[in-house]
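2 protein chains.
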Amino acid sequence: MFKPLKRVVVTGGTHGNEMSGVFLSKHWLKNPCELQRKTFSATPFLGNPHATEKTVRYVDQDLNRSFKTEILTSSNEGDELYEIKRAKEINQLYGPKGSSQAYDFMIDMHNTTANMGACLIVDSPENYLTMHMANYVQKNYTHTKTPIYLYKLGNEESYAIDSVCKNGLALEVGPQPQGVVRADALKHMRGLVNSVLDFIDLFNQGTTFPAFEIEAYKLLAREDYPRSSDGEIMAIIHPNLQDKDFDLLNPGDPIFQTLDEKDILYEGDNAIYPTFINEGAYYEKKVAFAKMEKLRFSIPAIQAQME
Amino acid sequence: MFKPLKRVVVTGGTHGNEMSGVFLSKHWLKNPCELQRKTFSATPFLGNPHATEKTVRYVDQDLNRSFKTEILTSSNEGDELYEIKRAKEINQLYGPKGSSQAYDFMIDMHNTTANMGACLIVDSPENYLTMHMANYVQKNYTHTKTPIYLYKLGNEESYAIDSVCKNGLALEVGPQPQGVVRADALKHMRGLVNSVLDFIDLFNQGTTFPAFEIEAYKLLAREDYPRSSDGEIMAIIHPNLQDKDFDLLNPGDPIFQTLDEKDILYEGDNAIYPTFINEGAYYEKKVAFAKMEKLRFSIPAIQAQME
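Protein sequence lines correspond, in order, to chains A and B. Going by the working numbering, the final residue of the first sequence carries number 570, and the count climbs one at a time with no gaps. Going by the working numbering, the final residue of the second sequence carries number 570, and the count climbs one at a time with no gaps.
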């Protein structure tokens, strides 16, 4: 069922102002030996070079939302947006998405301005390989409940860059301002990547990874800032909520504060776990924070079928 | 010698991604009553509306470096850069720079990704009015040695937006990521502005402010990141230096770390006080941190000459 993962790519700069990944990718492109293991050697990659050059998230549109089949197979030529052209290139390099030629795995490095620490972003809990990988990272590198973030809402198609490969994992480290590289965030990111590569190496050697139970956070919905009729943001993240990613938020707790210093309370029916609180890139996406539920999943044992 | 300050402007969004000032300016443009005092009413102002709309520092060039007389009096028409046109407009609104028609005072609100807390940026210690203002803020609002940052190097002309008025003060609050508004930074900025307005009100009422001695930090030079021959940054701010703005740095202390984890040490002859450490907007300006010396100044008493 599972085959060894021989063709692995490590991507930074999918968002050009998330600097841990940008600096690590550029470093590994010059010195790739850190990405080498007994059973494979991962390929370093810079996702969005134009955005990286300008230190912006993207030039024309968010590259990490550009990997839907509809976009990858669209036929307009010549006057395409930069990130659409780039997504098609990446799909040729490491895909095509959904095909047998696709690379086995992509690790995609991200940073957030939110106080999320290290967070492991997986598309769905049915992705047993990546859930084992997350479990391995928690047990062997971070030694804490480094949250697993399940990002797919309902049956939507995966739109992220790692969906061109057969499997993928996005690493999110925060807080780090856009356009800034902090040594602590970079070190954390580097440790995560190395731990994932170690897991893949063990997996490729035929190690049996036994069944386990694990907690993960699943996206329920996204909450926008309160806005006036002209679309202007009318209240900001409440100081009690700021930096409290993955803490429990109960109905009646303050979530926003107006500039007249009035509190706006959370009116949901159930307690949630907010994440991506005050992420800089999400103002334009109309997301003040993501609303998550905490669930428990049973993951069966896996072992690579050796060739 | 000193006249009451009747025409005062409070500016935000001189840099369009420094969000405490952006949010406060937009709020005060709708509800200006907070800027009212007995003796005057300050005018709220949004410095760079196009950059604010795009949530970028600037569109064509840094507005806060565009107020040299040479730029303000240049004659090219039509194909000018946006911020040059805007600087000329602002010079007409609140200047002209150096003229008797100029507004009396500008408070300009800034944020930094550096861990600087609240910082009061003054052009020179000979500016007694602003030095008194800083002393008042330290004694009455922050109750701490909120650093005074003297930014002029040698005899260079003031290039900042507040130089169009007869006098000015830039307020810097950090850390806050670019494009993000944090309730704590916004509250701090708001308190600083109100404290400055309170000072101006007392000054306008004829209060005598006695002579005092005060410490301030004066810019000596700026330190770039280590770069390769192709201009790429080869080392990042050392974890021991990160977030240590205004702490003493001695020769031999580590300042950078390469991606091979080698330390680069400070080689200056004398201890300095680094500031604007790892400011996001300064990567392109080739500034990893500003090197400051701490000096003590004697400021004479002042009193407004009543009309």
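We put the CB at the ideal spot given by N, CA and C, even for glycine. Since the model is a prediction, treat every value here as computed from it, not as a measurement.
- Closest in C-alpha terms to D508 (chain B), from the list B:K557, B:D523, B:G454, comes B:K557.
- Q355 (chain A) sits in a helix when the DSSP states are folded into three classes.
- Using a CB distance cut-off of 8 Å, P514 (chain A) does not count as an interface residue toward chain B.
- For T332 (chain B), the enclosing alpha helix (DSSP H) has its first and last residue at 332 to 335.
- Fewer than three pairs of CB atoms, one per stretch, sit closer than 8 Å, so the region 524 to 542 of chain A makes no contact with the region 312 to 329 of chain B.
- Residues of chain A whose Cβ lies closer than 9 Å to the Cβ of P440 (chain B) are, in chain order, T376, P438, Q439, P440, Q441, G442, V443, N541, G543.
- Looking at the DSSP output, E435 (chain A) sits in a beta bridge with A:H373, A:C382.
- Shown here, N418 (chain A) sits in coil according to DSSP, grouped into three states, outside any helix or strand.
- Here H290 (chain B) is buried. Its C-beta has 16 or more other C-beta atoms within 10 Å.
- Within chain B, not a single residue places a beta-carbon under 8 Å from that of F552 (chain A); the smallest gap is close to 13 Å.
- For G284 (chain B), the enclosing alpha helix (DSSP H) starts and ends at 282 to 293.
- DSSP, reduced to helix, strand and coil, places P473 (chain B) outside both helices and strands of the structure shown, so it counts as coil.
- Taken through DSSP and simplified to helix, strand or coil, P517 (chain B) comes out as strand.
- Residues of chain B whose Cβ lies closer than 7 Å to the Cβ of A446 (chain A) are, in chain order, I499, I500, H501, P502, Q505, Q520.
- Taking a cut-off of 8 Å for Cβ pairs, the region 464 to 473 of chain A and the region 483 to 502 of chain A do not touch, as fewer than three such pairs fall below it.
- Fully contained in the region 527 to 556 of chain B is no alpha helix (DSSP H) run of length 4 or more.
- Considering only beta carbons, the part of the region 308 to 339 of chain A lying closer than 9 Å to chain B consists of T318, V319, in chain order.
- For Y412 (chain B), the three-state secondary structure derived from DSSP is strand.
- In this structure, the straight-line span from the alpha carbon of F303 (chain A) to that of Q566 (chain A) is close to 17 Å.
- In the three-state reduction of the DSSP assignment, L522 (chain A) falls in the coil class.
- Nearest neighbour of F330 (chain B) by Cα position, chosen from B:P440, B:V436, B:R445, B:E419, turns out to be B:E419.
- If you look at V273 (chain B), you'll find it in the beta strand (DSSP E) that goes 271 to 275.
- Taking the beta carbon of K289 (chain A) as reference, the chain B residues within 8 Å of it are E495, listed in sequence order.
- Not one beta carbon of chain B lies nearer than 8 Å to the beta carbon of F368 (chain A).
- Contacts with chain B at 8 Å (Cβ-Cβ) do not include Y404 (chain A).
- The Cβ neighbour count for M555 (chain A), taken over all protein chains shown within 10 Å, is at least 16; the residue is labelled buried.
- In the DSSP assignment, P312 (chain B) falls within the alpha helix (DSSP H) that extends over 312 to 317.
- Distances from the alpha-carbon of T376 (chain A) to those of A:R445, A:Y529, A:P312 put A:R445 closest.
- In terms of Cβ geometry, V400 (chain B) and V459 (chain B) form a close pair [threshold 8 Å].
- Along the region 408 to 429 of chain B, none of the residues has a CB nearer than 8 Å to a CB of chain A.
- Not a single C-beta of chain B is nearer than 8 Å to the C-beta of L298 (chain A).
- Three or more Cβ pairs drawn from the region 424 to 436 of chain A and the region 360 to 371 of chain A lie within less than 8 Å of each other, which places the two stretches in contact.
- The beta carbon of G284 (chain A) sits closer than 6 Å to the beta carbons of G275, G276, M372 from its chain, once the five residues preceding and following it are set aside; these are given in chain order.
- In the three-state scheme derived from DSSP, where H, G and I count as helix and E and B as strand, E346 (chain B) is classed as helix.
- With respect to chain B, the C-beta atom of Y480 (chain A) has no partner C-beta closer than 8 Å.
- From the beta-carbon of F472 (chain B), no residue of chain A is found nearer than 8 Å; the closest lies around 31 Å away.
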